[in-house]
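The structure appears right after this line, and notes come after that.
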Amino acid sequence: MYAQMIRSTGSRVKTLEEMDPQERAFQERIDAGGKIEPRDWMPEGYRRTLIRQIGQHAHSEIVGQLPEGNWITRAPTLERKAILLAKVQDEAGHGLYLYCAAETLGVSRDELTRDLLCGKMKYSSIFNYPTLTWADMGAVGWLVDGAAIMNQVPLQRTSYGPYARAMVRICKEESFHQRQGFDVMMKMANGTKEQRAMAQDALDRFWYPSLMMFGPSDENSVHSAQNMAWKIKMNSNDELRQKFVDQTVPQADFLGLTVPDEHLKWNEDRGHYDFSEPDWDEFFEVLAGNGPCSADRMEARNKAWDDGAWVREGLMAHAEKKKSRALAAE
Ligand code: FAQ
0 MYAQMIRSTG SRVKTLEEMD PQERAFQERI DAGGKIEPRD WMPEGYRRTL IRQIGQHAHS
60 EIVGQLPEGN WITRAPTLER KAILLAKVQD EAGHGLYLYC AAETLGVSRD ELTRDLLCGK
120 MKYSSIFNYP TLTWADMGAV GWLVDGAAIM NQVPLQRTSY GPYARAMVRI CKEESFHQRQ
180 GFDVMMKMAN GTKEQRAMAQ DALDRFWYPS LMMFGPSDEN SVHSAQNMAW KIKMNSNDEL
240 RQKFVDQTVP QADFLGLTVP DEHLKWNEDR GHYDFSEPDW DEFFEVLAGN GPCSADRMEA
300 RNKAWDDGAW VREGLMAHAE KKKSRALAAE
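Each step along the sequence shown adds one to the number in numbering that gives the first Met the number 0, with nothing skipped, and position 113 is 112.
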C-alpha cells in the first residue's frame, strides 16, 4: 500500500524548457559539475530536500551510536573496547559535521533534534535492529559501515558544497570502521565452533537489514529522480545495493560464511550477483516506527535530550555572560 502511495506521489522532473530562467541557470550550473554554496540562490525544493536528507543522515549517525554503545562495557579485551569507543565517538562527530552542514540551509540543530524526538524526522532503518552478541559488532562494522560507505563515497561529489565537504572526512573514518568490523568477523569466523556460529548468526540477521539501508527499490523511490537531477544523490538505490552485494559476497566467502540467500548466484551475462530482495513490508513497518528496537531508540534519545537540559542551559548562560561582558567593554 505504501509502495502504491509512493508511486502516485512521485513527481516528474521538470525539463530545462519548463524551468524559469533562475531555475534553468541553477540546473545548468549543476549539470556542469558546479557546487552550490549556502549564499547562492536555490529552489525551495532543493533546500528542503537537502535539509531532509542531511538531517536524516545526521540523526542516523547519532542514533547509530546506540547499538554499538550497548557493547562498550562488554567488549572482550581492552583493545577491542578502546577501538569500539573510538568508533562510537567518531559517529557522534559525523552527526555534528552533518548538523553543521544542515544549519547552513537555515535550520537549527535544535529544530532538527526536536523533529527527530517527536518522530517527524526519520533515521536509518538499520538502527532499529538489536545487537545481541559480540559478533554483531563485527557485522555492524563490516556490513552497516560497508553499506554506509557505498552510499557515502559518491556523496563526496554531491552538488551542495558543505555536504560534499563533510562527506570527505566522514568517508575516511567510515573505512576504518568497516575494516575494524571485518577484523572482528575474521577473528570470530576463524575462532571456535561457537564463535563461528555467532559470526554466521550475525550475518544472517544483518544481511537483509543492510540491503534495506539503500532505500526502497528504484520504482518505489519517491525522491530519486529529482534528487539525481539535482545531484543531491549520485546513484539510484538499486545501483548501490547491487554494488554492495557484488563487493560483499566475496568477502563473506573469504570468511567462510554463507550469505543467507538461496537465490544468490553470480550472473555471467550481467556481470553481477543475482540476489533476493529484502522483505519490503518489513522495511516500511520499520519506517513507520514499528521496528524491533524503534521504541527503545526513541526513548534513549529523548532521555539523553532531557538529561542534557542543564548542560545546554549552563552553556547558554555562559554565552550570554560573555556577550554582555564584551558589550560592556566596548
Ligand atoms: N531508513 O525516495 P527514497 C550510517 C525513506 S549512515 C529510513 O528512495 P531518498 C553510519 C526516505 O527518507 C546511514 N528511511 O529517498 C553509521 C523517504 O522518506 P521521506 C544513513 C529510509 O532520500 C554506521 C522514503 O523512504 N545514511 O549508517 C531509508 O531519495 C554504523 C522514500 O525513499 C544516509 O542517510 C532507510 N534505510 O533515498 C553510523 C545517507 N531509505 O523522507 C553508526 C544519505 C529510504 O520521504 C554505525 N541519504 N528511506 O519520508 C541517502 O542517500 C538517501 O536519503 C537514501 C534514501 C538512499 C537513504
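Virtual Cβ for every residue (Gly too), placed ideally from N, Cα, C.
Please read these numbers as outputs of a predicted model, since none were measured by experiment.
Sub-8 Å separation of A165 and L97 beta-carbons: yes
Coil, strand or helix - W141 by DSSP: helix
Between the CA atoms of K121 and L286 - distance to the nearest angstrom: 7 Å
DSSP-derived helix/strand/coil call for I29: helix
Inter-residue CB distance, W358 and W70 (contact presumed, cutoff 8 Å): Outside the displayed span of the chain (0 to 329) sits residue 358, for which this structure offers no information.
Nearest residue (CA-CA) to D295, options R11, R108, F126 and D114: F126
Neighbour-count burial assignment, G333, 16 or more Cβ in a 10 Å radius: Only positions 0 to 329 of the chain appear in this structure, which leaves residue 333 out of reach.
Inter-residue spacing [alpha-carbon to alpha-carbon] between L15 and K230: 15 Å
Member of M315, R23 and D144 whose CA lies at the smallest distance from the CA of P208: D144
N- and C-terminal bounds of the beta strand (DSSP E) containing Y272: H271 to D273
C-beta atoms of F243 and H262 nearer than 8 Å: no
Rounded distance between the beta-carbons of G92 and I61, thought under 8 Å: So it is not a contact: roughly 10 Å between Cβ atoms.
Under 8 Å between C-beta atoms of A188 and A201: no
Cβ neighbour criterion (16 or more within 10 Å) applied to V310: exposed
The region 165 to 184 / the region 77 to 92 touching (three or more Cβ pairs under 8 Å): yes
Cβ neighbours of P259 in the same chain (closer than 6 Å, five flanking residues each side left out): D203 and W206
Bridge-paired residues (DSSP) for W265: Y272
Burial state of E193 (16 or more Cβ within 10 Å): exposed
Straight-line Cα distance separating D237 from I5: Caution is warranted here: a pLDDT of 38 is assigned to I5, below 50, making its placement in the model unreliable, and the coordinate value is therefore given only provisionally. Answer to the nearest angstrom: the Cα atoms are 16 Å apart.
Whether P66 touches V183 by CB criterion (8 Å): no
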